[in-house]
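*Asks:* Residue numbers (this note's numbering), protein chains in the order written: chain C, 4 to 246; chain Y, 4 to 246.
Cβ coordinates follow ideal geometry from the N, Cα and C atoms, glycine included.
2 protein chains.
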Amino acid sequence: MTDPTPQTVVLPEHERASELVERGIDEGLLVTVFGCCRVDYEGRAASTLPAGDRLVVLKPDGTALVHTDEGHQPVNWQPPGSTHEVVDSDHLELHTRRDSPPELLTVSFDIVEHVALFDVTGEHELSLSGTEADMRERILDDPALVESGFEPRATERETAAGAIDIYGVDSQGNAVVVELKRRRVGPDAVGQLDRYVEALERDLHAEIPVRGVLVAPSVTDGARELLKRHGHEFVALTPTPDE
Amino acid sequence: MTDPTPQTVVLPEHERASELVERGIDEGLLVTVFGCCRVDYEGRAASTLPAGDRLVVLKPDGTALVHTDEGHQPVNWQPPGSTHEVVDSDHLELHTRRDSPPELLTVSFDIVEHVALFDVTGEHELSLSGTEADMRERILDDPALVESGFEPRATERETAAGAIDIYGVDSQGNAVVVELKRRRVGPDAVGQLDRYVEALERDLHAEIPVRGVLVAPSVTDGARELLKRHGHEFVALTPTPDE
DNA sequence: AAATCCATTTCGTGC
DNA sequence: GCACGAAGTGGATTT
Chain C
4 MTDPTPQTVV LPEHERASEL VERGIDEGLL VTVFGCCRVD YEGRAASTLP
54 AGDRLVVLKP DGTALVHTDE GHQPVNWQPP GSTHEVVDSD HLELHTRRDS
104 PPELLTVSFD IVEHVALFDV TGEHELSLSG TEADMRERIL DDPALVESGF
154 EPRATERETA AGAIDIYGVD SQGNAVVVEL KRRRVGPDAV GQLDRYVEAL
204 ERDLHAEIPV RGVLVAPSVT DGARELLKRH GHEFVALTPT PDE
Chain Y
4 MTDPTPQTVV LPEHERASEL VERGIDEGLL VTVFGCCRVD YEGRAASTLP
54 AGDRLVVLKP DGTALVHTDE GHQPVNWQPP GSTHEVVDSD HLELHTRRDS
104 PPELLTVSFD IVEHVALFDV TGEHELSLSG TEADMRERIL DDPALVESGF
154 EPRATERETA AGAIDIYGVD SQGNAVVVEL KRRRVGPDAV GQLDRYVEAL
204 ERDLHAEIPV RGVLVAPSVT DGARELLKRH GHEFVALTPT PDE
């Protein structure tokens, strides 16, 4: 009756579907529902989606996902921390709500074709490499990747404009602001670098010249132009060592 | 046999699971698999995920999603346009691959608890309101929302730095660059506005003064400071009319 | 809770 | 295909 092992029903009666979904929510299980449904959302924005077949996933952490047969992103969703609720009705209707900001996702089924409950165990941490943090480690290990004679002095050095990825000095004694990006950079990254350089110049009261260096796999033309105009530099580096 | 209606199996034999998943892929169905699996990814970055229970979704457009019981985002995924493949093995192993960039997602099951195939029909377009585009329409309808006397002249006006959301003139004949954000803005939005203003000043050869106006629901302190330093302005406006 | 920024961001649009 | 920016971005970290 309260057996926590995975349960499945196919083409259930509507009342049965409601009961099963409700039980899955109550018992902290992962719930999937497939069927023809309308979806309404109101909160930070507002949306409506006419009836069609979708896969709905309700997670025990409050996440709700509505997926069509296309795209990485759910067509509608609700973030973790929300609350699932089965609304008593002649058909299955799901509400997932959160406060701050106030948001409500409503999924209303015409036809429920499938409901499944899953007990999820054995969580482990994802091990990910090739991130910006890995680029930072690479440079700290071998500062010459930025330029010969570069000496890192701090990571995440705080300025009024935010934290500098790597702060250091060059062989001439100039201050160097290094901004890292794991992928090809556009104008936004140049703006970021520029804000840090300007903030650092104010911090240092122009006692030392401050150079700005953008380190990334590549740059767009527009970003390169911006770099040039602001007097900053670019150094090519991939997040993972090339073979 | 090749019946396209939704099909489900529970706790299948491993061979049966492979066959079913393969059939779902071949017939352009939405496939869900739940079970204990390891996940490996290599491409733009690289990751490994030890064995644990996950929900895997394979879409006919090539999308692959691996979901745990937590979070809006899949712990691993592959974007649309990829190719699913069932690797022949004693256990179920799924490869989802794409070229440009070369990426491979591998999901290797120890235990398959559930496989389901769904025929997805009746797609409709999402109708969304409260977007930045809606803010633009609001302002074009009532330019005084920016300031009394403001006259919009163009949307998406192109500059060397990118497109200006709304370009117009004020009651004094000054050029006005309006940058819209549907939510509270930080320093990045100020950088964007500043790039557009500078680009427009170069375009206009300083014939007319150019004002920059950031229109958003609210600003952070840091962004307000940046606005002040660059001589730009802020106007409060929500994406949807308040009641 | 607010601020800031990363992300295998994805997604759309225009060139 | 690249470039640029929006997104109901989500998510982590720090204050």
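Flag this pair as yes or no: are the beta carbons of Y:GLY125 and C:GLY189 separated by less than 8 Å?
*Replies:* No, the pair does not count as a contact, with Cβ atoms beyond the cut-off.
*Asks:* Could you check whether the Cβ of C:GLU140 sits closer than 8 Å to any Cβ belonging to chain Y?
*Replies:* Closer than 8 Å: no.
*Asks:* Among the residues of its own chain, which have a CB less than 7 Å from the CB of C:GLY46, if the five just before and after it don't count?
*Replies:* Correct list, in chain order: PRO104, PRO105, GLU106 and LEU107.
*Asks:* Tell whether a beta-carbon distance below 8 Å holds between Y:PHE37 and C:PHE121.
*Replies:* It is a contact, given that the beta carbons lie within the stated cut-off.
*Asks:* Measure from the C-beta of C:SER85 to each C-beta in chain Y and report whether the shortest distance is under 8 Å.
*Replies:* It does not: the Cβ of C:SER85 has no partner Cβ on chain Y nearer than 8 Å.
*Asks:* Three or more beta-carbon pairs under 8 Å between the region 77–85 of chain Y and the region 162–178 of chain C, yes or no?
*Replies:* Touching, no.
*Asks:* What residues from the region 23–44 of chain Y come within 7 Å of chain C, judged by C-beta to C-beta, listed N to C?
*Replies:* From the region 23–44 of chain Y, only LEU33, THR35, PHE37 and CYS39 have a Cβ closer than 7 Å to chain C.
*Asks:* In or out: C:VAL218 buried (at least 16 other Cβ within 10 Å) or exposed?
*Replies:* Looking at its Cβ environment, which holds 16 or more other Cβ atoms inside 10 Å, C:VAL218 is buried.
*Asks:* Quick one: residues in its chain with C-beta nearer than 6 Å to the C-beta of C:VAL34, no 5 flanking neighbours on either side, listed in chain order?
*Replies:* Excluding positions up to five away in sequence, the list reads VAL24, GLY27, LEU61 and LEU120.
*Asks:* Does the region 190–206 of chain Y come within contact of the region 145–162 of chain Y, defined as at least 3 CB pairs closer than 8 Å?
*Replies:* Counting Cβ pairs under 8 Å, three or more are found: they touch.
*Asks:* Three-state secondary structure (DSSP) at Y:LEU32?
*Replies:* In this structure, Y:LEU32 counts as coil in the three-state DSSP scheme.
*Asks:* Please give me, in chain order, every unbroken run of the alpha helix (DSSP H) with length at least 4 that falls completely inside the region 24–84 of chain Y.
*Replies:* With a minimum length of 4 residues, no continuous alpha helix (DSSP H) run stays inside the region 24–84 of chain Y.
*Asks:* Taking CB distances under 8 Å as the criterion, tell me whether C:SER50 reaches chain Y.
*Replies:* C:SER50 counts as touching chain Y.
*Asks:* Looking at chain C, is there any beta carbon in it that lies within less than 8 Å of the beta carbon of Y:ARG198?
*Replies:* So yes, Y:ARG198 belongs to the interface.
*Asks:* Using 8 Å for Cβ pairs, my map puts C:VAL193 next to C:ALA226. What's the rounded Cβ distance?
*Replies:* Indeed they touch by this definition, with Cβ atoms about 5 Å apart.
*Asks:* To the nearest angstrom, how far is it from the Cα of C:TYR170 to the Cα of C:THR243?
*Replies:* In a straight line, the C-alpha of C:TYR170 is about 21 Å away from that of C:THR243.
*Asks:* With respect to the alpha helix (DSSP H) encompassing Y:ILE167, which residues constitute its N-terminal and C-terminal limits?
*Replies:* Run containing Y:ILE167: none in the alpha helix (DSSP H); it sits in the beta strand (DSSP E), 165–172.
*Asks:* Taking only runs of the alpha helix (DSSP H) that begin and end inside the region 170–210 of chain C, which ones reach a length of at least 4 residues, in chain order?
*Replies:* Taking only runs of at least 4 residues, the alpha helix (DSSP H) segments lying wholly in the region 170–210 of chain C are 190–207.
*Asks:* For C:PRO7 and C:ARG19, I'd like the C-alpha separation in whole angstroms.
*Replies:* For C:PRO7, the predicted model reports a pLDDT of 49, less than 50, meaning its position is unreliable; a value from the coordinates is still stated below. Using only the alpha carbons, I get a separation of about 18 Å.
*Asks:* Tell me which same chain residues have a C-beta within less than 7 Å of the C-beta of C:LEU58, skipping the five on either side of it?
*Replies:* The residues are THR35, PHE37 and HIS70.
*Asks:* Use the C-beta contact count for Y:SER151: other C-beta atoms within 10 angstroms, 16 or more gives buried, fewer gives exposed.
*Replies:* By the neighbour-count rule (16 or more Cβ atoms within 10 Å), Y:SER151 is not buried but exposed.
*Asks:* Please decide whether Y:ARG160 counts as near chain C, where near means a Cβ-Cβ distance under 8 Å.
*Replies:* No, its Cβ sits nowhere closer than 8 Å to a Cβ of chain C.
*Asks:* Would a C-beta distance cut-off of 8 Å place Y:ALA49 and C:SER132 closer than the cut-off?
*Replies:* Contact: yes.
*Asks:* Does any CB atom of chain C fall closer than 8 Å to the CB of Y:PRO105?
*Replies:* No, Y:PRO105 lies away from the interface with chain C (no Cβ there is under 8 Å from its Cβ).
*Asks:* Going by other Cβ atoms of all chains shown within 10 Å of its Cβ, with 16 needed for buried, is Y:GLN175 buried or exposed?
*Replies:* Result: exposed.
*Asks:* Is the beta carbon of Y:VAL110 within less than 7 Å of some heavy atom of the ligand PLP?
*Replies:* Questions concerning the ligand PLP fall outside what the structure shown contains, since it holds no ligand whatsoever.
*Asks:* Output the boundary residues of the alpha helix (DSSP H) element that contains C:GLY225.
*Replies:* 224–233 is the span of the alpha helix (DSSP H), which, as asked, contains C:GLY225.
*Asks:* For Y:LYS184, which residues of its own chain have a beta-carbon under 6 Å away from its beta-carbon, when the five flanking residues on both sides are left out?
*Replies:* Taken in chain order, the residues that qualify are ALA192 and ALA219.
*Asks:* Do Y:ALA178 and Y:ILE142 count as a contact pair if the criterion is CB distance below 8 Å?
*Replies:* Contact flag unset, no.
*Asks:* With a 10 Å radius around its C-beta and 16 neighbouring C-beta atoms as the bar for buried, classify Y:GLY65 as buried or exposed.
*Replies:* Buried, by the Cβ-count rule.
*Asks:* If you count every other CB in all the chains shown that lies within 10 Å of the CB of Y:GLY74, and 16 or more means buried, which is it?
*Replies:* Answer is exposed; the Cβ neighbour count stays below 16.
*Asks:* Could you compute how far the alpha carbon of C:GLU22 sits from the alpha carbon of C:PRO53?
*Replies:* Rounded to the nearest angstrom, the two C-alpha atoms are 25 Å apart.
*Asks:* Return the CA-CA distance between C:ARG101 and Y:LEU68, expressed in angstroms with no decimal places.
*Replies:* Between C:ARG101 and Y:LEU68, the C-alpha separation is close to 25 Å.
*Asks:* Helix, strand or coil: how does DSSP classify C:GLU236 here?
*Replies:* In the structure shown, C:GLU236 sits in a strand (DSSP, three-state: E or B).
*Asks:* How many whole angstroms separate the CB atoms of Y:THR109 and Y:ASP43, which I take to be in contact at a CB cut-off of 8 Å?
*Replies:* That belief holds up - the Cβ atoms of Y:THR109 and Y:ASP43 are roughly 5 Å apart, short of 8 Å.
*Asks:* Can you tell which of C:LEU32, C:LEU97, C:LEU230 and C:CYS39 has the C-alpha that lies nearest to the C-alpha of C:ILE114?
*Replies:* Per the Cα distances, C:CYS39.
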